[in-house]
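In the working numbering, the protein residues as written are 24 to 314.
Idealized CB from N, CA, C, for every residue including glycine.
Predicted, not measured: the structure shown is a model, and the values here were computed from it.
Written out below as structure tokens is the structure these notes cover.
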């Protein structure tokens with residue numbers, strides 16, 4: 024009996040990376056897996072093993088391989104974005120950009136990639152000699168695909184597969200959009216502490232924004248002290264980094280507090296900076312747990 028080296032992995036229900044790795048390994052080694060199953064059938068070991076191999080082999084058809092190829096792409100995109108969102112230097116603004124980029128990538132995949140997936144999968148089916156496709160493999164220059172329910176109109180199997188895949192992508196995009204909107208809301212709340220706000224806002228505007236932020240985080244900071252600190256801090260920052268205050272990041276402003284030993288003078292501002300900077304990590308943890 025010919026020995027083939029195939030390494031597959033189980034996936035976890037709570038981490039995107041494990042799902043992506045499991046799908047990637049199966050997708051890249053599907054020819055070897057198919058060969059192993061054929062060998063198990065050809066070299067009869069026992070009834071249970073042969074029956075299980077035959078059952079699995081029948082399930083490897085065009086439908087299965089198409090889904091495998093599609094999810095390999097989607098989960099690969101998600102995994103790369105998730106890893107980027109786990110960077111220690113990540114800020115909330117960078118997290119917004121990464122989530123928006125992932126949503127755009129998924130939309131592009133939804134709009135343009137499906138036919139390439141079909142072509143790639145059809146070639147693999149031919150290579151493996153699979154006859155149980157559950158789909159027509161007749162080549163067309165362009166296959167017009169429609170989404171939705173149409174009474175009295177036949178929807179082919181390949182069209183239905185695209186509908187299913189697009190529906191799944193849409194659900195995922197909606198979830199991402201919800202997270203993106205929440206991040207935008209938080210970023211707006213903390214915008215009062217950006218370099219641009221410290222430079223541009225009037226004292227009245229600054230105190231009002233600080234008051235709104237203090238009310239939302241009243242359990243973490245002393246609101247009255249925070250409002251007093253923020254007005255004074257605005258002048259301190261303008262004095263110390265006047266040449267680049269507009270572009271100053273939250274990390275740079277927090278570093279300024281440390282470099283000039285201002286923690287005791289502005290304790291609530293330091294707390295707010297740290298709350299802001301730890302939010303991306305919290306968001307990623309939630310994303311992993313809900314995946």
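query, result
"Segments of 4+ residues assigned as alpha helix (DSSP H) that fall wholly inside the stretch 85 to 128", "85 to 107"
"First and last residue of the uninterrupted alpha helix (DSSP H) at residue 141", "137 to 151"
"Buried versus exposed, by CB contacts within 10 Å (16 or more), residue 293", "buried"
"Whole-angstrom distance between residue 141 and residue 53, CA atom to CA atom", "16 Å"
"Residue 281 classed as buried or exposed, judged by whether at least 16 other C-beta atoms fall within 10 angstroms", "exposed"
"Unbroken alpha helix (DSSP H) run spanning residue 210, endpoints", "180 to 213"
"Given 8 Å, three or more beta-carbon pairs between the stretch 60 to 75 and the stretch 104 to 118", "no"
"Residue 179 to residue 185 span [Cα, whole Å]", "10 Å"
"Assigned secondary structure, residue 20 (DSSP; H/G/I helix, E/B strand, else coil)", "Outside the shown range of the chain (24 to 314) lies residue 20, about which nothing can therefore be said."
"Start and end residues, alpha helix (DSSP H) containing residue 78", "70 to 82"
"Where residue 283 falls, given that 16 or more other Cβ within 10 Å makes a residue buried", "exposed"
"Check whether residue 226 and residue 254 have beta carbons under 7 Å apart", "yes"
"7 Å Cβ cutoff met for residue 260 and residue 268", "yes"
"Endpoints, the alpha helix (DSSP H) within which residue 276 is located", "273 to 282"
"Assigned secondary structure, residue 264 (DSSP; H/G/I helix, E/B strand, else coil)", "coil"
"Classification of residue 302 by the beta-carbon crowding that lies within 10 angstroms, buried from 16 upward", "buried"
"Residue 93, buried or exposed, once every other Cβ within 10 Å from all chains shown has been counted against 16", "buried"
"Buried/exposed call for residue 228, threshold 16 Cβ in 10 Å", "exposed"
"Under 7 Å between C-beta atoms of residue 291 and residue 223", "no"
"Whole-number beta carbon distance between residue 277 and residue 249, since they are thought to touch under 8 Å", "Wrong, their Cβ atoms sit about 15 Å apart, outside the cutoff."
"C-alpha distance - residue 205 paired with residue 120, whole-angstrom precision", "13 Å"
"C-alpha distance - residue 128 paired with residue 100, whole-angstrom precision", "8 Å"
"Helix, strand or coil at residue 217 [DSSP, three-state]", "coil"
"Three-state secondary structure assigned by DSSP to residue 243", "coil"
"Cα-Cα separation, residue 162 to residue 110", "Below a pLDDT of 50, predicted positions are generally treated as unreliable, and residue 162, at 44, falls in that range; the measurement from the model is reported next regardless. Cα to Cα, residue 162 sits roughly 45 Å from residue 110."
"Straight-line Cα distance separating residue 113 from residue 193", "27 Å"
"CB contact flag (residue 148, residue 85, <7 Å)", "yes"
"C-alpha distance - residue 189 paired with residue 133, whole-angstrom precision", "6 Å"
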